[in-house]
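Read the structure below first, then the notes.
Residue numbers (my numbering), protein chains in the order written: chain A, 1 to 331; chain B, 332 to 662.
Next comes the structure, spelled out in structure tokens:
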């Protein structure tokens with residue numbers, strides 16, 4: 001029997017999560033029962049929404065001190081108690097921060113390794129990619145020629161939003177927090193421009209790169225980015241509210257923009273939760289894997305080696321120090 | 332030649348407009364040229380958006396000190412320089428606070444006095460009515476059984492929103508600022524309930540009257556009403572941002588609700604400007620005049636006698652002391 005390395009939440013984080021909020025433990029791996037699968041985790045996904053689960057504020061449920069940290073992972077089956085799966089099969093599961101999860105076969109998502117590198121099933125071919133695809137195309141309703149502004153522009157959601165917008169004939173402008181990120185956004189992801197909000201005044205940057213206003217704003221952060229975007233909406237703009245990175249690390253609910261901006265632009269503002277858009281997943285996977293093979297979309301991964309380093313990697317993600325999709329290579 | 336009584340803006344208001352911000356003057360009435368009409372104003376409409384014009388913040392343009400106060404009026408033609416109009420004809424024009432305007436025939440809206448009392452062409456059969464009709468039906472997308480919450484519920488927009496919502500099978504709940512207003516909303520306009528926000532805690536009132544959440548919120552005020560409504564949205568709610576009474580009297584732009592409320596409810600928030608919905612006017616007039624004749628909609632008018640009293644009436648409107656559509660009977 002294998003030893004199952006696990007990372008538990010030790011205490012509720014105050015502000016930015018730190019390594020001391022977590023605890024590494026080793027437990028005997030469980031055996032799979034009927035309809036269950038014993039798996040080995042290959043890559044673990046770190047995502048900002050997990051901070052909301054620690055606070056008890058996320059709709060997918062709270063993670064309490066003493067419990068296994070949650071999150072999605074891409075795994076291979078070691079032992080199968082379900083006839084649909086064989087050892088070696090790839091799958092994605094919300095199996096959390098552990099090396100040898102036992103999961104219900106009915107709860108997993110099968111992964112076709114032919115669609116792209118398996119790690120991408122946690123990123124641009126997974127939940128972040130579907131978030132971008134459904135959020136932009138269904139809620140953002142981009143038209144050819146539209147200026148599409150996106151925050152957190154080199155993350156897995158933001159970079160996909162920008163690239164899908166361009167594939168659909170739009171003009172993407174990013175907001176990111178370092179010169180490297182902005183260079184990647186323009187040179188690799190092909191954005192028309194990218195504002196480094198840590199160096200340039202955000203209002204000036206948005207006016208410079210979106211002189212005719214913002215037709216679609218895809219918001220992953222809230223806070224000042226949302227405020228400035230709202231001030232610069234074009235008539236009839238669509239705003240997709242998807243993430244709140246600017247406030248995940250706090251227990252406060254800071255105020256948002258004045259409603260006058262929405263009225264002035266006759267804008268439509270929509271709230272995005274990816275779970276509502278599962279129906280688009282087959283079309284998304286078909287489109288996105290093709291775009292990936294055609295080299296029409298690029299992506300960045302920020303890979304940390306070893307489950308024991310997941311807390312540090314999560315800290316880096318929640319302070320914006322990651323460069324691309326945050327992953328932990330577990331085995 | 333008649334003496335034309337006019338009310339000018341004397342100075343830019345600070346806070347709530349007061350009578351001293353305006354000046355009554357008498358000028359000789361002009362003669363109509365070709366394509367023009369000399370009219371006599373019967374009713375003048377007082378509307379909250381005029382406060383925004385005094386601040387220079389409204390999209391229909393600023394009113395500067397020394398200029399005639401603006402606003403829509405219902406008038407009768409005295410002398411016509413256009414073959415389409417005869418003396419005695421009724422029309423509506425943005426002719427401002429004066430008794431004998433001369434207007435371009437191309438700029439007026441003809442009024443059919445058979446559709447309802449002529450004063451209603453400034454209220455439930457006019458711009459406020461069209462605002463309610465287009466805002467609710469086109470942007471609010473109410474479904475049968477929906478709970479429709481509306482602020483400023485006894486005003487011409489709010490009372491029409493509530494009554495149209497009910498005609499379409501919805502359940503209307505109002506927010507208003509006095510026991511008399513709330514009694515009218517329930518007993519005359521047939522709302523399921525009405526919260527007097529000056530006596531009952533607004534959060535408790537909304538929870539009490541919208542126990543399953545708010546499906547459509549039609550906002551005429553912003554501020555605290557908007558905040559509380561956002562906290563109580565049902566899944567998939569629609570929010571129509573139409574008016575900002577809570578901030579018209581200030582030069583500040585106070586913050587709005589946190590974007591998390593929109594995400595949590597997967598809500599759609601839209602900005603409403605009535606000028607975008609002229610295409611609906613024929614259908615609106617046909618529906619609304621029928622509903623009026625069938626006694627399916629009730630309305631309130633707050634009529635002040637005499638143009639010289641328009642400044643005081645505007646002060647009452649901007650402090651919420653009016654009871655129904657604010658009108659000045661000019662002649």
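Glycine included, each C-beta is placed from N, C-alpha and C at the ideal position.
Relative to the C-alpha of residue i, which residue among the options is closest?
i                      : options                    : result
residue 289 of chain A : A/189, A/130, A/242, A/10  : A/130
residue 472 of chain B : B/422, B/562, B/570, B/341 : B/570
residue 244 of chain A : A/236, A/255, A/235        : A/255
residue 66 of chain A  : A/234, A/79, A/147, A/10   : A/10
residue 302 of chain A : A/316, A/322, A/314        : A/322
residue 367 of chain B : B/410, B/352, B/356, B/355 : B/410
residue 433 of chain B : B/392, B/630, B/591, B/334 : B/334
residue 213 of chain A : A/227, A/234, A/222, A/199 : A/234
residue 261 of chain A : A/286, A/279, A/226, A/278 : A/226
residue 658 of chain B : B/526, B/336, B/457        : B/457
residue 153 of chain A : A/169, A/122, A/330, A/197 : A/197
residue 334 of chain A : A/172, A/230, A/215        : An answer regarding residue 334 of chain A cannot be provided, because it is not within the stretch 1 to 331 covered by chain A.
residue 401 of chain B : B/662, B/386, B/464        : B/386
residue 42 of chain A  : A/156, A/48, A/121         : A/121
residue 106 of chain A : A/224, A/85, A/118, A/237  : A/85
residue 135 of chain A : A/53, A/216, A/200, A/83   : A/216
residue 223 of chain A : B/541, B/524, B/523, B/590 : B/590
residue 599 of chain B : B/613, B/617, B/549        : B/549
residue 541 of chain B : B/479, B/511, B/510, B/355 : B/479
residue 507 of chain B : B/646, B/495, B/477, B/533 : B/533
residue 594 of chain B : B/562, B/464, B/645        : B/562
Can you find a C-beta in chain B that's less than 9 Å from the C-beta of residue i?
i                      : result
residue 310 of chain A : no
residue 146 of chain A : no
residue 219 of chain A : yes
residue 292 of chain A : no
residue 18 of chain A  : no
Taking C-beta pairs closer than 8 Å, name the residues in chain A that residue i reaches, listed in chain order.
i                      : result
residue 603 of chain B : 263, 266
Does any CB atom of chain A fall closer than 9 Å to the CB of residue i?
i                      : result
residue 553 of chain B : yes
residue 580 of chain B : no
residue 589 of chain B : yes
residue 461 of chain B : no
residue 390 of chain B : yes
residue 607 of chain B : yes
residue 611 of chain B : no
residue 572 of chain B : yes
residue 600 of chain B : yes
What residues from chain B crowd round residue i, counting only those whose CB sits closer than 9 Å?
i                      : result
residue 255 of chain A : 558, 585, 586, 587, 588, 589
residue 244 of chain A : 589, 590, 591, 594
Between residue i and the ligand SAH, is there a pair consisting of the residue's CB and a ligand heavy atom that are separated by less than 8 Å?
i                      : result
residue 624 of chain B : Although the ligand SAH was asked about, the structure shown includes no ligands whatsoever.
Run through chain A and tell me which residues come within less than 9 Å of residue i, C-beta to C-beta.
i                      : result
residue 339 of chain B : Those within 9 Å of residue 339 of chain B in chain A number zero; the least Cβ separation is about 27 Å.
Using a Cβ cut-off of 8 Å, pull out every chain B residue sitting near residue i, in sequence order please.
i                     : result
residue 25 of chain A : Result: empty, since nearest Cβ-Cβ is about 33 Å, beyond 8 Å.
- Query: Looking at chain B, which residues of the region 62-76 of chain A have a Cβ within less than 9 Å of any of its Cβ atoms?
  - Reply: none
- Message: To test your reading of the DSSP string, which unbroken alpha helix (DSSP H) runs of 4 or more residues are found completely within the region 446-503 of chain B?
- Response: 458-465, 487-498
- Against chain A: residues of the region 470-497 of chain B by CB proximity under 9 Å: 470
- Message: In chain order, what are the residue ranges of uninterrupted beta strand (DSSP E) at least 3 long that sit wholly in the region 394-418 of chain B?
- Response: 404-411
- Enumerate, from N- to C-terminal direction, the unbroken beta strand (DSSP E) stretches of 3 or more residues contained entirely within the region 167-223 of chain A. 171-176, 193-196, 214-219
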